[in-house]
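In terms of the working numbering, the sequence shown is numbered consecutively and its last residue is 571.
Quick reminder that beta carbons are idealized off the backbone N, C-alpha and C, glycines included.
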Amino acid sequence: MRDGKRVVITYGTYDLLHYGHIRLMERAKELGDYLIVGVTSDAFDRDRGKLNVYQSLSERMNAVLATGIPDKVIVEEFQGQKIADIIKYGVDVFAIGSDWEGKFDFLKKYCEVVYLERTKGVSSTELRADKNRSVAVGCIGADYLTGRFISESAHVPGADVFGAYQLDTPVHESVRAAGVSLYDSLDDMLEHAEAVYISATIDRHADLIDRALDAGCHVLCESPLFLSRADGERLFAKARERGLVLMEALKTVYFPAFEHLRLLLASGVIGEVKDIAASFSQIPDFPYRETRYQGAFYDMGAYGVLPAIAFLGSDYQDARLICVDDDGYNVWTKAELVYGTATATLSVGRGLKTEGDMVITGESGYVYVPAPWWKPDYFEIRHEDLRDTRKFFYGYQGGGQRYETFEFMRRVRDGADAYPARFSEDEVLATTDLVERFDAGDVVRLGHGKYAFGGGERVTDR
Ligand code: CTP
């Protein structure tokens, strides 16, 4: 009881708000004088495996508020929050639809629990089924990444991966096991596809993207997208003209923890960001030295510099790439980026291994993301006084690629410009500039020979 008012609380996802939701809220309100509606956060839904929610948290909250029924709308972020809310808001009645009958009896210790008859014949699931129409997706390339894309796509509603064109790499066993059709001709496959996923070395991307766009297909392509800014600008313009999505497969961007961290940093939790230090290294369990384009920066550079581009912006003022090569193959690249009032030191390595954590230094504290920062599920915000440390956990399902594919499908179905890209053209092109510089040999190259750290002769290729 609050100010003599009987407080009622209810929770839900409220995706694609419908008549059933409105009736539920109206009846809940009639149980008291003051109604609080808890709307699940995107991260909470994903965390509990509800991956198919169509609208974002802000879209869903706005729709609930616009009904004018609730007196207050809050966000439900974690399991166990209901008890905390009931105590915090002095709740008298917890109300929920009858589909949850019995599931919330444990709250009876704290308040009255009422199950309200669910409205027949309408649900978000049905409405989503219309939205989640199936999209025929073809794969260009049939390597292990394609295998992973196919298995993760099985968890994305409506992503119907039907086939793969092998390119010139052998068909990976996981692609074979997935049972998709294998095509000898790219044109044949493109004819059946509404969208494509491309996994090839970076030197092939521009041409393959071009062909896919010409065939009217939306494109999700492995990173980094382009070897040159000119290619990037041309192909983004082409995609725009044709109303097609062109998206970089940079899975980290779509991880719940990464998204949340990005929002927290933008809202100033550690003040202005002053420095970022992170490394991404890998000793692959597949043959990885068949072409120089499998080298560290060519293949992993976009992940390497992602923290700077995502948290400090696209407008770095100066950049230096320090490279260690072995027999023409890039083993290690350290990118030093200088911004107006911040710096970043980011490394990528392939064929060697180092600690893969990330530290983001700010004016009033810092963020620590344990390894592997590129597949984040946990981070801490730390301050001078260690007792002020805040810990954040946002789990992810499977290998994490499904979030990226989900976003790709959402943009394919709703229109290329229905939502702002989460990793924008500017951000892709700022990354491309670094790849282009690397490709032109505009780097500091440490002496040749196996892992010539320190000992080698220092040359600038420029
Ligand atoms: N609800 C209802 N009648 C419906 C649909 C939902 O009374 N036809 C109630 C639910 O029982 C819950 C609240 O509305 O108390 C929010 O439900 P939510 O899970 O967001 O909506 P659903 O349509 O049930 O979503 P889904 O299909 O994803 O389960």
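Could you please give the first and the last residue of the uninterrupted alpha helix (DSSP H) stretch that includes Phe501? From DSSP, Phe501 is part of no alpha helix (DSSP H) but of the beta strand (DSSP E) over Arg499 to Phe502.
Where the alpha helix (DSSP H) through Gly449 begins and ends: Looking at the DSSP string, Gly449 is not in any alpha helix (DSSP H), and its letter there is neither H nor E.
Am I right that Gly141 and Val116 are in contact with their C-beta atoms under 8 Å? What's the rounded C-beta distance? 6 Å
List the whole-angstrom C-beta distance separating Trp482 from Asp497, where the pair is believed to meet the contact cut-off of C-beta under 8 Å. With 8 Å as the limit, Trp482 and Asp497 do not qualify as a contact, their Cβ atoms being about 22 Å apart.
Does the beta carbon of Asp208 fall short of 6 Å from some heavy atom of the ligand CTP? yes
Residue ranges of each beta strand (DSSP E) within the segment 237-322, 3 or longer: 244-249, 268-274, 290-292 and 304-307
State yes or no: is the C-beta of His130 nearer than 6 Å to some heavy atom of the ligand CTP? yes
Measure the CB-CB distance between Val162 and Asp124 and report whether it falls below 7 Å. yes
Compute the distance between the beta-carbons of Glu445 and Thr454, then report whether it is under 7 Å. yes
Under 8 Å: do the segment 507-514 and the segment 256-273 share three or more Cβ pairs, one atom per stretch? yes
With DSSP as the reference, label His369 as helix, strand or coil. helix
For my contact list, Leu359 and Phe547 are in at a C-beta cut-off of 8 Å; report their separation, rounded to the angstrom. With a Cβ gap of about 17 Å, Leu359 and Phe547 do not count as contacting.
How close, in whole Å, do the beta carbons of Val457 and Phe406 come, if the pair is a contact with beta carbons under 8 Å? 6 Å
CB of Ala302 within 7 Å of CB of Gly247, strictly: yes
Any heavy atom of the ligand GDP inside 6 Å of the beta-carbon of Arg227? This structure simply doesn't include the ligand GDP; it includes the ligand CTP instead.
Alpha-carbon spacing of Leu373 relative to Met298, whole angstroms: 42 Å
How about Val202 and Val223: are their beta carbons less than 7 Å apart? yes
Thinking just about the alpha-carbon of each residue, which of Pro479, Leu461 and Arg459 is nearest to the one in Val468? Pro479
Take Arg554 as the anchor and find which of Ser243, Glu210, Ala152 and Val440 has the nearest alpha-carbon. Val440
Within this structure, are the beta carbons of Tyr528 and Phe364 separated by less than 7 Å? no
Which partner residues of Ala204 appear in the DSSP bridge assignment? Val223
Exposure of Gln275, with buried meaning 16 or more beta-carbon neighbours within 10 Å: buried
From Lys159 to Ala366, what does the alpha carbon distance come to, in whole angstroms? 16 Å
For the ligand CTP, is there any heavy atom lying closer than 6 Å to the beta carbon of Gly250? no
Around the C-beta of Gly563, are 16 or more other C-beta atoms found within 10 angstroms, so that it is buried, or is it exposed? Residue placement at Gly563 is poorly supported in this model, since its pLDDT is 41, which falls under 50; the coordinates are not used for a value here.
Alpha carbon to alpha carbon, how far is Leu543 from Arg285? 36 Å
In the DSSP assignment, the beta strand (DSSP E) including His327 goes from what residue to what residue? His327 to Glu331
Residues near Tyr503 in its chain [Cβ-Cβ closer than 7 Å; skip 5 each side]: Ala152, Asp156, Pro365, Ala366, His369 and Asp486
Take every Cβ of the segment 215-234, pair it with every Cβ of the segment 306-318, and state whether three or more of those distances are shorter than 8 Å. no
I'd like the list of long-range same chain contacts for Thr122, defined as Cβ closer than 8 Å, with 5 residues on each side in sequence excluded. Val148, Thr149, Asp154, Lys159, Val162, Arg169 and Ser233
Do the CB positions of Arg491 and Gly471 come within less than 7 Å of each other? no
Considering only C-alpha positions, which residue in the set Leu461, His327 and Tyr397 is nearest to Glu300? His327
Taking DSSP as the reference, what is the three-state secondary structure of Gln391? strand
Met467 bridges to which residues according to DSSP? Ala387 and Val478
Backbone CA spacing between Ala245 and Tyr402 [nearest angstrom]: 29 Å
For Met242, does the count of other Cβ atoms within 10 angstroms reach 16, so buried, or fall short, so exposed? Residue 242 is actually Arg in this sequence, not Met. It is exposed - the Cβ of Arg242 has fewer than 16 other Cβ atoms within 10 Å.
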